[in-house]
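Below: one structure, written as structure tokens.
There are 2 protein chains.
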Amino acid sequence: MRATVIRAPHDIAVEEVADPVVQAPGDAVVRVVLACVCGSDLWAYRGESPRRPGQRIGHEFLGVVEETGPGVSRLAAGDLVVAPFVWSDGTCEYCAEGLTTSCPQGGFWGSVGSDGGQGEAVRVPYADATLVRLPDGAASDERLLTALLTLSDVLGTGHHAAVGAGVRQGSTVAVVGDGAVGLCGVLAARRLGAGRIIALGRHEARTGIARKFGATDVVAERGEAAVEAVRELTGGQGAQSVIEAVGTEQSMVTAVHITRDGGAIGYVGVPHGSATGLDLEAMFDRNIALRGGVAPVRTYIPQLLPDVLDGTIDPSPVFDLTVSLAGVPGGYEAMDERTALKVLVKP
Amino acid sequence: MRATVIRAPHDIAVEEVADPVVQAPGDAVVRVVLACVCGSDLWAYRGESPRRPGQRIGHEFLGVVEETGPGVSRLAAGDLVVAPFVWSDGTCEYCAEGLTTSCPQGGFWGSVGSDGGQGEAVRVPYADATLVRLPDGAASDERLLTALLTLSDVLGTGHHAAVGAGVRQGSTVAVVGDGAVGLCGVLAARRLGAGRIIALGRHEARTGIARKFGATDVVAERGEAAVEAVRELTGGQGAQSVIEAVGTEQSMVTAVHITRDGGAIGYVGVPHGSATGLDLEAMFDRNIALRGGVAPVRTYIPQLLPDVLDGTIDPSPVFDLTVSLAGVPGGYEAMDERTALKVLVKP
């Protein structure tokens, strides 16, 4: 089959690789129908997250089950399924608690030895526990299918940030980061009942989606000016709940200083310098909590799925560019240059 | 009157100062019956927290109301009261939420222009909101009175750490820091129903108190060996709830690495390097939350007071040295040299 590999920083290619086959009894092979490029893939693309030359890449996909091992009992060939970005065994203590990302048997698509999502097919370990079945009818509704793909990562990750930030009915929320995760954070905050959602961003197409997703205010300023603008919107206090969906020092500095005393930062931006943005003295004096991390999206899929299926939330607008598998390298370029928000891949 | 001042690092003195008088309608003057020296006073003593030469010091006291301003309605001369380490107005939005440490009118005993607790008397702003009345009978029970003094800071701060760490019925808790706050964290964790409490410390008098307070295990190792020991005690996973009651880089490093995936660090050690101990990449991968800060002990006093009064919890063993006011400088020395755990002051 053909699959995307990362040969070196800024060198993404689509190559012929071995076809995936069932290796363990719990495996399934899934033919990818939709995949996409994640903002976090750019850390590898830019060389900031090390990858071995030729390693697969892509961790978001949905598709159709093609083959199952003898230990798979809840899925059959032909099922339409979505995969969370981490596989997990479904039986360990962490899985039982819903922290599927800490499953000792778990792993990340595209890690060495595994298939990536940006390819024609994927071997899925622990398929019964990892994959979530979708209604067959969804396959024929392209808009819905695209929305369902976000369950693989960005919608669940935005939800994790909102949960970490303690969003409740009536909360005032601020969102740092106008990528797909930040935008899904807006959507998730609205879904959890936030009364006011302040989106930070200056890219009009993105802030337009933020407003569509439920943002009540947009702050186009950056740095200290952004902090002042959010404080001005919140009676000088800042937002109770802040979503940090970038991971850089500057984004974390902003997040800390726009959080209201006693509030919380839900952080889901993969840390790339953000530790040094944590002003712990300020957080201590003001009782600001930090909660988040890699999102256990497998746990969230059943919670979010009904709202996506019935249209209560529609995250599909985060995709603004569609490519074939051959177009994936160009998709990375477009996201790296911020000419695309999020790239949909149709293998 | 006589009161303790800090003239310079390592130079604590008891000097004649102006008698406190009612200045604002809401003020009360409290004659100090018991005060004490806090581990956090040592940051000033060591010159790591700047102080103006001659600034007062001491932020924990209980005493008897001597005089009240015309705006004080809930207290009268002769009342036995305990003061939280921060005064607050009781009417602002933060006070209403219980975050009294963020009260815009609030302040810290010993800050420039205010009296400190380590003196004969203290002018208390917003006395109705700040002070909590104690039963008159407590005055004649020295053990109880000493226990009640911990409501001023260390018991409420230990409780704040336990709450921040998410301690619940049956939780496994680890406590970094064998000072009075760490020990009160043990007591608070037991009170909240912790099933297992691992105290880190090698000073036998202190670990003895930890066991008396409810610690089920003591880890005497430090650094990486301490991390390994806690992991060994917890099936390799670490503790769900970790109390960080020191504030240094090393204590925070230990706290992060003994926290179970999905768990929380309740941090109350005043940050003195602890920010650099936050391994945010590890926290991200393992979904470890950080929650705490300066404890709003005024809010906790009414919650904790009944249990202290009826003897359900007895924090009084944290005091192991008693001095007169003249003995306060020696008390600082003893705590700095760790020959005393916590010094009680009887002015």
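Taken in order, these protein sequences are the chains called W and P.
Its first residue numbered 1, the first sequence is counted upward by one per residue in the working numbering.
Its first residue numbered 1001, the second sequence is counted upward by one per residue in the working numbering.
Positions of the beta carbon are idealized from the N, C-alpha and C atoms, including for glycine.
Nothing from the region 1133-1163 of chain P brings a Cβ to less than 7 angstroms from some Cβ of chain W.
Under the DSSP assignment, E1232(P) falls in the alpha helix (DSSP H) whose first and last residues are 1223-1233. Listed by position along chain W, the residues whose Cβ is nearer than 9 angstroms to that of Y1300(P) form an empty set, because the closest Cβ is around 13 angstroms away. Counted as a single uninterrupted DSSP element, the beta strand (DSSP E) harbouring K346(W) occupies residues 343-346. Annotation for L1148(P): L1062, V1082, L1134, A1138, V1308 place their beta carbon closer than 7 angstroms to its own, counting only its chain and skipping 5 residues before and after. With respect to the 7 angstroms criterion, L1278(P) and M1252(P) are classified as neighbours on the basis of their beta carbons.
The closest CA to that of G117(W), considering only T234(W), R2(W), G247(W), Q250(W), is found on R2(W). Under the Cβ distance rule, E281(W) counts among the residues neighbouring chain P, one pair being separated by less than 7 angstroms.
Residues of the region 1092-1111 of chain P with a C-beta atom less than 9 angstroms from some C-beta of chain W are E1093, Y1094, E1097, G1098, L1099, T1101, S1102, listed in chain order. Listed by position along chain P, the residues whose Cβ is nearer than 8 angstroms to that of G293(W) are M1283, F1284, D1285, R1286, N1287, I1288. Bridge partners of R338(W) according to DSSP: none are assigned. For P53(W), the nearest beta carbon of chain P is not closer than 7 angstroms to its own beta carbon. G1311(P) counts as exposed, since fewer than 16 other C-beta atoms from the protein chains shown sit within 10 angstroms of its C-beta. When DSSP states are grouped into helix, strand and coil, G1071(P) belongs to the coil group. In this structure, V64(W) is the residue among H10(W), I198(W), A282(W), V64(W) with its C-alpha nearest to the C-alpha of S140(W). The C-beta distance from S1102(P) to D89(W) rounds to 44 angstroms, too long to fall under 8 angstroms, and the pair is not in contact. Taken atom to atom, the span from the alpha-carbon of I1313(P) to that of P1306(P) is near 9 angstroms.
For D336(W), none of the residues of chain P pass the 7 angstroms Cβ criterion, the least Cβ distance being about 22 angstroms.
DSSP places Y1300(P) within a helical segment (H, G or I) once states are collapsed to three. Identification of residues in the region 1265-1277 of chain P having a C-beta nearer than 8 angstroms to some C-beta of chain W yields Y1267, V1270, P1271, S1274, A1275, given in sequence order. The alpha-carbon of R143(W) is positioned some 13 angstroms away from that of V33(W). Beta bridge pairing from DSSP links L62(W) with L34(W), V82(W). According to the DSSP assignment, A1008(P) belongs to no alpha helix (DSSP H) but to the beta strand (DSSP E) extending over 1002-1008.
DSSP places T1312(P) in the coil class of the three-state scheme, outside both helix and strand.
The straight-line gap separating the alpha-carbon atoms of R1206(P) and V1219(P) is approximately 12 angstroms. T322(W): member of the beta strand (DSSP E) spanning 321-324, first to last residue. Beyond the five residues adjoining it in sequence on each side, S1171(P) comes within less than 6 angstroms, by CB distance, of A1194, Q1240, S1241 in the same chain, given in chain order.
Taken residue by residue, none of the region 17-39 of chain W has a beta-carbon sitting less than 8 angstroms from a beta-carbon on chain P. Contact with chain P is found for D261(W), since one of that chain's Cβ atoms lies less than 7 angstroms from the residue's Cβ. With respect to the C-alpha of G1058(P), the residue from V1014(P), H1272(P), T1259(P) having the closest C-alpha is V1014(P). Closest option to P347(W), judged by alpha-carbon separation, among L341(W), I288(W), P20(W), A35(W): A35(W).
It is roughly 31 angstroms from the alpha-carbon of P1317(P) to the alpha-carbon of Y1126(P). Partner residues in the beta bridge of E15(W), as assigned by DSSP, are A3(W). Partner residues in the beta bridge of E1244(P), as assigned by DSSP, are V1176(P), Y1267(P). Scanning R1168(P), V1132(P), A1174(P) for the CA closest to the CA of G1238(P) turns up A1174(P). Burial state of E1244(P) is buried, judged by a 10 Å Cβ sphere holding 16 or more other Cβ atoms.
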